[in-house]
Amino acid sequence: YWETYTKMNSEKSISSLEIIKKQIAELEIDAGQKKGSVKLIAVSKTKPMDQIKPVLDEGQSHFGENKVQEGVLKWQELKEKNKTIDLHLLGPLQSNKVKKVFGIFDYIHSLDRNSLAEKISDEVQRKGFCPKIFIQVNTGLEQQKAGIEPENLYEFIKTIRKFMSLNIVGLMCIPPINDIPEKHFKFLKKLADENGLPELSMGMSSDYKAAIKNGATYIRVGTAIFGSRQ
Ligand SMILES: *Cc1c(COP(=O)(O)O)cnc(C)c1O
1 YWETYTKMNS EKSISSLEII KKQIAELEID AGQKKGSVKL IAVSKTKPMD
51 QIKPVLDEGQ SHFGENKVQE GVLKWQELKE KNKTIDLHLL GPLQSNKVKK
101 VFGIFDYIHS LDRNSLAEKI SDEVQRKGFC PKIFIQVNTG LEQQKAGIEP
151 ENLYEFIKTI RKFMSLNIVG LMCIPPINDI PEKHFKFLKK LADENGLPEL
201 SMGMSSDYKA AIKNGATYIR VGTAIFGSRQ
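Take a look at the structure:
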């Protein structure tokens, strides 16, 4: 039964992936953006490799996980064999997990504080390379949500550029659930422009189209590809 179930899920994932890729291509044209300028991150958190592998075999190369340990367990071996996989850490990062991140994740989307930036910078010195990093911005000023507050962003970036060797590529946000996402996407785009950052990680299953219309260059899509999570 499990095999049939997994096969069914995989087929669904692959057809969803094709639909989303087609939508991205159309939205890129509408927005006057170059083909391939929007990268699709397939968010595979909590999903078993049995369901993920067929999507990988279909040519999908960017995958997202929320937890460092889950990323290591699921992807370490595969990544050693397949150098084309780009793995993204989307969830909050604790300072004591930074070392682990370097062996496996190509992107970090959740840098949001000075102490973490310093830890990453130390590890860059040791390793001689740096993952691509997004600064997460708490655009909705939500108490429970990670991300730096917008008013502190400029100073944070200034400090990083002056004292640290970090590869900051752009900004990331997760709009509040009960708000209009467009407002937050536009705001994040403005902040990125003001700070000379080219990449924008924004848009999930429910709002990736709006995100692309507002300048997203990386969209993070889980449920719409892999189905709902437990
Ligand atoms: C889980 C998660 C996603 C994907 O969410 P879906 O609604 O399933 O597409 C994207 N970004 C972050 C930070 C996440 O934690």
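Following this note's numbering from start to finish, the sequence shown increments by one per residue and tops out at 230. Positions of the beta carbon are idealized from the N, C-alpha and C atoms, including for glycine.
Residues that DSSP places opposite residue i in a beta bridge
i      : result
Tyr107 : His88, Lys132
Leu200 : Leu171
Ile219 : Leu40
Val137 : Ile148
6 Å CB neighbourhood of residue i in its chain, flanking five on each side removed
i      : result
Ala211 : Phe185, Met202, Gly203, Ile219
Ile52  : Ser44
Ser231 : The first residue shown for the chain is 1 and the last is 230, placing residue 231 beyond what the model contains.
Val124 : Cys130, Ser165
Ile108 : Leu89, Pro131, Ile133
Gly147 : Asp112, Gln136, Val137, Asn138
Phe102 : Glu123, Lys127
Gly64  : Ile41, Val43, His88, Leu90, Arg220
For residue j and residue i, believed in contact at Cβ under 8 Å, the rounded distance
i      : j      : result
Lys34  : Ala25  : About 11 Å; that fails the 8 Å criterion.
Gly140 : Pro176 : 4 Å
Phe191 : Gly170 : Strictly speaking, residue 191 in this sequence is Leu, with Phe absent from that position. About 10 Å separates the two Cβ atoms, so there is no contact after all.
Asn138 : Glu149 : 6 Å
Ser110 : Asp86  : About 16 Å separates the two Cβ atoms, so there is no contact after all.
Tyr234 : Asn114 : Residue 234 is absent from the structure shown; the chain starts at 1 and stops at 230.
Val68  : Lys119 : Rounded, the Cβ-Cβ distance is 13 Å, inconsistent with contact.
Cβ shell of residue i (< 7 Å), same chain only, five flanking positions each side left out
i      : result
Ser205 : Val221, Gly222, Thr223, Ala224
Glu182 : Ala210, Asn214
Glu70  : Lys45
Ile160 : Ala117, Leu166, Ile168
Gln230 : Thr46
Gly91  : Asn66, Lys67, Ser110
Ile14  : Pro54, Val55, Glu58
Ala31  : Ile212, Lys213
Residues near residue i by beta carbon distance below 8 Å, same chain, minus five either side
i      : result
Leu116 : Leu93, Ser95, Val98
Val38  : Ile24, Leu27, Glu28, Ile212, Ala216, Thr217, Tyr218, Ile219
Taking only runs that begin and end inside the region 21 to 73, name each unbroken alpha helix (DSSP H) of 4 or more residues, in chain order. The region 21 to 73 contains these whole alpha helix (DSSP H) runs: 49 to 57.
Could you name each continuous alpha helix (DSSP H) segment of 4 residues or more that falls completely within the region 145 to 177, going from the start of the chain to the end? Listed in chain order, the complete alpha helix (DSSP H) runs (minimum 4 residues) inside the region 145 to 177 are 150 to 163.
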